[in-house]
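S.K.:
Residue numbers (the working numbering): -7 to 264.
Structure representation (structure tokens):
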């Protein structure tokens, strides 16, 4: 039974409907939801405070863990605040260079760059919160240069308030329920384990044909349609960043460093 195959995870009715229609099912989703409700008692969702942004003004970005441990799998997710159009790219690590590649792919998919991008406490983005005063953070130097190159402003969630980037957090859940868990359970039935290459080979079609075409629960519109209004407000997509990838930041000391246009000297001095 498909429910048992997916256990202990609960797949949404839209996934079962999509799979049943591939087998010729002609019924609607209402009767399917009623039947699933008998199998899984509903869990009430907590209240959510909405915060809307103008077209092109903000995106929210996050790593969401798919699988931890030695065989790690993560998904980089970028969601535009106005349209809710989302992008996903899977990787087996969350290193700085991987984060940069994920952003470049995100900008390629959008054909532009959001004015600001909101993050949680990513170590590859933020070194010291409020280092220079309230709201004046010390960013990873490489990431700061990357953001300047593309013209966007990195913004941080309020501490212990990850819900301030709720748009991407809610999409993370939807991604797992509608794409990752169904694919994982199918592969498991064949004795296979989901990896980044397999996920990336399939997620583009899912984004195009399912995620960004659905009627969004909050906007009551399709993300792809709202993106038509948003795309023109994005910053132009410039060339990819070719900066030097920094080492993992250590504790920084106030010492003299040689002055040079290339940030590598500054990084070397500060890590001494």
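Quick reminder that beta carbons are idealized off the backbone N, C-alpha and C, glycines included. Treat the numbers as computed from the prediction; the structure is a model and nothing was measured.
Give the single residue among 169, 0, 69, 129 whose Cα lies nearest to the Cα of residue 91.
M.R.: 69
S.K.: Where DSSP assigns a beta bridge to residue 148, which residues make up the other side?
M.R.: The partner list for residue 148 (beta bridge, DSSP) reads 111.
S.K.: Going straight from the alpha carbon of residue 30 to that of residue 81, what length do you get?
M.R.: 35 Å
S.K.: What is the residue span of the alpha helix (DSSP H) that residue 185 lies within?
M.R.: Element bounds for residue 185: n/a, residue is neither H nor E.
S.K.: Mapping DSSP to helix, strand and coil, what is residue 217?
M.R.: helix
S.K.: So, for residue 241: in the same chain, excluding its five sequence neighbours on each side, which residues have a beta-carbon less than 7 Å away from its beta-carbon?
M.R.: Residue placement at residue 241 is flagged as unreliable, the pLDDT there being 49, under the threshold of 50; the coordinate-derived value follows with that caveat. Contacts found: 119, 132.
S.K.: Roughly how many angstroms separate the alpha carbons of residue 243 and residue 233, rounded to a whole number?
M.R.: Its pLDDT being 37, under 50, residue 243 is placed unreliably in this model, and the value from its coordinates should be taken loosely. Distance between the alpha carbons of residue 243 and residue 233 is about 26 Å.
S.K.: With a floor of 4 residues, list each alpha helix (DSSP H) that falls wholly inside the region -2 to 84, ordered by position along the chain.
M.R.: 5 to 14, 21 to 31
S.K.: Assess, as a yes-or-no matter, whether the region 57 to 77 is touched by the region 168 to 188 under the definition of 3 or more beta carbon pairs within less than 8 Å.
M.R.: Counting C-beta pairs with one atom in each stretch, the region 168 to 188 and the region 57 to 77 have three or more that are closer than 8 Å, which means they touch.
S.K.: For a quick check, are the C-beta atoms of residue 159 and residue 76 less than 8 Å apart?
M.R.: yes
S.K.: Assign residue 54 to buried or exposed, taking buried as 16 or more other Cβ atoms, counted over all protein chains shown, within 10 Å of its Cβ.
M.R.: buried
S.K.: Using three-state DSSP, classify residue 241 as helix, strand or coil.
M.R.: Low local confidence applies: a pLDDT of 49 at residue 241 is under 50, so the model's placement there is unreliable, and no value is given.
S.K.: Threshold first: 4 residues or longer. Then list the alpha helix (DSSP H) segments lying entirely within the region 120 to 149, N to C.
M.R.: 133 to 142
S.K.: Based on the DSSP secondary-structure assignment, which residues constitute the bridge partners of residue 105?
M.R.: 227
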